[in-house]
Amino acid sequence: MNSQEKIIAAKAIALVDVNNCYVSCERVFNPKLNGKPVVVLSNNDGCVVSRSAEAKALGIKMAGPWYQIKDLAKKHGVIALSSNYSIYGEMSNRFMSILGDFVTRAEQEIYSIDECFLDLTAYQQLFDITEYAQQMRQRVNQWIGLPVCIGIGATKTQAKLANHFAKTHPDLDGICNWLTMEDAVKNEWLLKTPVREVWGVGRQNTKSLEAIGIYSIADLIASNPMQIKKRFSIVMARTVMELQGIPCLELETAPPAKQQILYSRTFGQRMSDIDALNEIITVFASRAHLKLRQEKAVCTVITVFIMTNRMREQDPQLSKSHSITLSVDTDDLIQIAHAARIALAKIYKTGYDFQKAGIILTGLSAKGRQAQSLFDPEPTDLAKQEALMHALEKVNSRFGRKAVGIGVSAMQGQAWEMNQKARSPNYLTDWNELLRVH
DNA sequence: TCTGGGGTCCTAGGACCC
DNA sequence: TCTGGGGTCCTAGGACCC
Numbered sequence: 000m001n002s003q004e005k006i007i008a009a010k011a012i013a014l015v016d017v018n019n020c021y022v023s024c025e026r027v028f029n030p031k032l033n034g035k036p037v038v039v040l041s042n043n044d045g046c047v048v049s050r051s052a053e054a055k056a057l058g059i060k061m062a063g064p065w066y067q068i069k070d071l072a073k074k075h076g077v078i079a080l081s082s083n084y085s086i087y088g089e090m091s092n093r094f095m096s097i098l099g100d101f102v103t104r105a106e107q108e109i110y111s112i113d114e115c116f117l118d119l120t121a122y123q124q125l126f127d128i129t130e131y132a133q134q135m136r137q138r139v140n141q142w143i144g145l146p147v148c149i150g151i152g153a154t155k156t157q158a159k160l161a162n163h164f165a166k167t168h169p170d171l172d173g174i175c176n177w178l179t180m181e182d183a184v185k186n187e188w189l190l191k192t193p194v195r196e197v198w199g200v201g202r203q204n205t206k207s208l209e210a211i212g213i214y215s216i217a218d219l220i221a222s223n224p225m226q227i228k229k230r231f232s233i234v235m236a237r238t239v240m241e242l243q244g245i246p247c248l249e250l251e252t253a254p255p256a257k258q259q260i261l262y263s264r265t266f267g268q269r270m271s272d273i274d275a276l277n278e279i280i281t282v283f284a285s286r287a288h289l290k291l292r293q294e295k296a297v298c299t300v301i302t303v304f305i306m307t308n309r310m311r312e313q314d315p316q317l318s319k320s321h322s323i324t325l326s327v328d329t330d331d332l333i334q335i336a337h338a339a340r341i342a343l344a345k346i347y348k349t350g351y352d353f354q355k356a357g358i359i360l361t362g363l364s365a366k367g368r369q370a371q372s373l374f375d376p377e378p379t380d381l382a383k384q385e386a387l388m389h390a391l392e393k394v395n396s397r398f399g400r401k402a403v404g405i406g407v408s409a410m411q412g413q414a415w416e417m418n419q420k421a422r423s424p425n426y427l428t429d430w431n432e433l434l435r436v437h
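This is the structure:
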């Protein structure tokens with residue numbers, strides 16, 4: 000084969016992602032942040048979820064608890080921002096749609112808020128796909144101001160890896176095409192890159208791999224997938240094969256139906272009282288129920304979990320969950336909230352400071368022609384309920400008693416009309432009145 | 001005291017991802 | 001004092017049945 004000939008791979012998968020996504024979004028709206036160390040914090044300003052290059056250079060770690068780094072950050076003039084997910088979501092939509100212009104619908108998988116896979120296999124015949132990727136990168140930057148890097152490989156895992164190299168080698172100008180790189184360079188990089196950089200290899204697996212002498216990505220590629228499967232799992236075996244260039248993971252171009260709906264929060268303060276937890280779980284149930292409706296699905300299993308703060312090793316620890324399986328599919332709020340309370344009662348114990356709780360709806364299926372429950376809120380009520388819940392979060396994102404109490408009262412106000420048995424003395428029956436309160 | 005074997009379903013929990 | 005949230009997939013082990 001002549002070296003001028005184009006390299007046509009069996010598959011060419013690209014991974015495009017936004018660099019430091021949340022920080023980059025903030026910078027689009029506030030260019031003064033450019034060139035400065037910036038971090039974006041999670042809910043409750045708990046920990047760092049996005050860092051600018053300047054913040055990374057200061058040694059600020061991803062998911063680091065903010066209270067521990069605050070002093071260091073202040074000293075170096077780090078700008079800390081609370082997260083604004085609706086802005087990030089909107090930017091994400093535009094990002095995905097710009098990339099969508101370069102491929103067909105069946106060639107794009109939206110993988111997360113800031114990443115997507117593109118199948119460029121068919122375009123290899125037509126263009127130099129490295130240049131094609133460069134056009135994507137420039138267009139995203141020109142149109143919406145977000146910086147991106149692109150990795151190209153024979154499989155999704157290879158594309159992820161190439162993307163990592165695109166980020167860590169500035170001379171590549173944001174694009175790393177694994178398919179056209181020289182073997183000597185590839186081998187050198189694989190030898191000196193630790194195995195933990197591989198997609199699917201986390202902390203625990205890194206330890207276990209090192210224990211059997213696998214340190215670099217080159218070591219992992221040289222391993223036998225069947226033996227890896229025995230020692231680890233089918234998942235890790237797939238990772239090895241994908242690194243070797245054998246595709247095991249399909250592009251998922253139509254988002255699969257959700258398998259579970261989860262709503263959970265860490266409390267601002269610790270909580271040990273069953274009544275308070277009951278109120279919180281009821282609010283969580285209604286949030287999860289809203290998502291269930293938006294998904295146009297029904298569920299059969301309601302799971303509730305509560306846990307203490309694992310970080311406080313000096314405190315007694317408890318982490319429990321309980322599932323209730325209903326005999327019929329439901330998307331009825333009252334039924335779900337009721338099951339959630341029963342589940343909570345099963346796992347609750349006195350004498351513990353709980354710090355986090357959640358509800359998970361599983362056994363999901365598409366909603367068919369199901370009879371409407373008498374308890375179903377009308378669509379308008381649903382909208383009102385959503386408005387109320389947003390107001391609630393705004394009023395007290397840390398789940399203070401007062402705000403949660405009102406939220407629960409709202410639900411009980413609805414139930415009241417049906418069963419004449421409100422359990423809260425301060426319930427309100429009028430939605431408009433509720434909304435006025437906030 | 002002795003105490004099978006295989007299949008299935010469910011629950012709990014671990015590991016990973018962004 | 002203060003350590004995110006929302007997902008997926010896999011596995012071990014118990015309950016139950018024949």
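When the letters of the first sequence are read in order and numbered with numbering that gives the first Met the number 0, they come out as residues 0 to 437.
No residue lacks a Cβ here, since even glycine has one placed at the ideal position from N, Cα and C.
Quantities reported herein were computed from a predicted structural model and do not represent experimental measurements.
Report the residue from Tyr351, Ala52, Tyr110 and Leu71 whose alpha carbon sits nearest the alpha carbon of Leu248.
Checked all of Tyr351, Ala52, Tyr110 and Leu71; the closest Cα to Leu248 is Tyr110.
For Glu294, name the three-state secondary structure that DSSP assigns.
In this structure, Glu294 counts as coil in the three-state DSSP scheme.
Could you please give me the residues that DSSP links to Val38 through a beta bridge?
Answer is Arg50 and Ala79.
Out of Ala287, Trp198, Ala236 and Cys20, state which residue places its alpha-carbon closest to the alpha-carbon of Ile260.
If we check each option's Cα against that of Ile260, Ala287 comes out closest.
Tell me the residue span of the alpha helix (DSSP H) that contains Ile245.
Looking at the DSSP string, Ile245 is not in any alpha helix (DSSP H), and its letter there is neither H nor E.
What does DSSP give as the partner residue(s) for Cys115 in the beta ladder?
Bridge partners of Cys115: Val15 and Ile109.
Under DSSP, the beta strand (DSSP E) around Gly99 begins and ends at which residues?
Run containing Gly99: none in the beta strand (DSSP E); it sits in the alpha helix (DSSP H), Tyr84 to Gly99.
Give a single yes or no on whether Ile358 has its beta carbon closer than 8 Å to a heavy atom of the ligand ATP.
The model depicted lacks the ligand ATP and carries no ligand whatsoever.
Which first and last residues belong to the beta strand (DSSP E) in which Phe353 is found?
Segment Phe353 to Thr361, the beta strand (DSSP E) holding Phe353.
Compare the beta carbon distance of Ala342 and His321 with 9 Å and say whether it is the shorter of the two.
Going by C-beta atoms, Ala342 is nearer than 9 Å to His321.
With a cut-off of 8 Å on the beta carbons, I'd call Val300 and Gly362 a contact; round off their distance for me.
About 4 Å separates the two Cβ atoms, so the contact holds.
Given a threshold of 16 other Cβ atoms within 10 Å of its Cβ, counted over all protein chains shown, does Gln369 qualify as buried or as exposed?
With a pLDDT of 44 at Gln369, under the threshold of 50, the predicted position of this residue should be treated as unreliable, though the coordinate-derived value follows. Exposed, by the Cβ-count rule.
Going by beta carbon distance, what residues of the same chain come within less than 6 Å of Thr120, once the five residues before and after it are set aside?
Once the five neighbours on either side are set aside, the close Cβ partners of Thr120 are Lys10 and Ala11.
Under 6 Å Cβ to Cβ from Lys401, same chain only, skipping five residues before and after it: list those, please.
In this prediction, Lys401 scores a pLDDT of 35, lower than 50, which makes its location untrustworthy; the coordinate-derived value is nonetheless stated afterwards. The answer is none, since no qualifying residue turns up.
Say whether the stretch 249 to 259 touches the stretch 268 to 278, bearing in mind that this needs 3 or more beta-carbon pairs closer than 8 Å, one atom from each stretch.
No: fewer than three Cβ pairs fall under 8 Å.
Let me know the secondary structure DSSP gives Thr205 once reduced to three states.
If DSSP states are grouped into helix, strand and coil, Thr205 belongs with the helices.
Could you spell out the range, first to last residue, of the alpha helix (DSSP H) harbouring His163?
That run of the alpha helix (DSSP H) goes Lys155 to Thr167.
Counting along the chain, where does the alpha helix (DSSP H) carrying Phe231 start and finish?
No alpha helix (DSSP H) contains Phe231, which DSSP labels as neither H nor E.
Figure out for me which residue from Ile78, Leu325, Leu57 and Gly45 has the closest Cα to the Cα of Val22.
For Val22, the nearest C-alpha among the options comes from Ile78.
With distances taken from CA atoms, which of Pro36, Asp118 and Ile143 is nearest Tyr131?
It is Asp118.
Residues in its own chain within less than 7 Å of Ala54 by CB, not counting five upstream and five downstream?
Once the five neighbours on either side are set aside, the close Cβ partners of Ala54 are Pro36, Val37, Val38 and Val77.
Could you please give the first and the last residue of the uninterrupted alpha helix (DSSP H) stretch that includes Asn186?
Asn186 -> alpha helix (DSSP H) spans Asp182 to Lys191.
On the CB-based measure, 16 or more other CB atoms within 10 Å of its CB, does Asn29 come out buried or exposed?
Exposed, since its Cβ has fewer than 16 Cβ neighbours within 10 Å.
In angstroms, rounded to a whole number, what distance separates the CA positions of Asn204 and Gly367?
Rounded to whole angstroms, Asn204 to Gly367 spans 42 Å at the Cα level.
Starting from Val139, follow the alpha helix (DSSP H) in both directions and report where the run begins and ends.
Element bounds for Val139: Ile128 to Ile143.
Within 10 angstroms of its Cβ, does Gln293 collect 16 or more other Cβ (buried), or is it exposed?
When all chains shown are included, Gln293 counts as exposed.
Alpha carbon to alpha carbon, how far is Met90 from Arg104?
Going from the Cα of Met90 to the Cα of Arg104 covers about 19 Å.
Quick check on the DSSP output: the alpha helix (DSSP H) that includes Ser23 runs from which residue to which?
Cys20 to Phe28 is the extent of the alpha helix (DSSP H) around Ser23.
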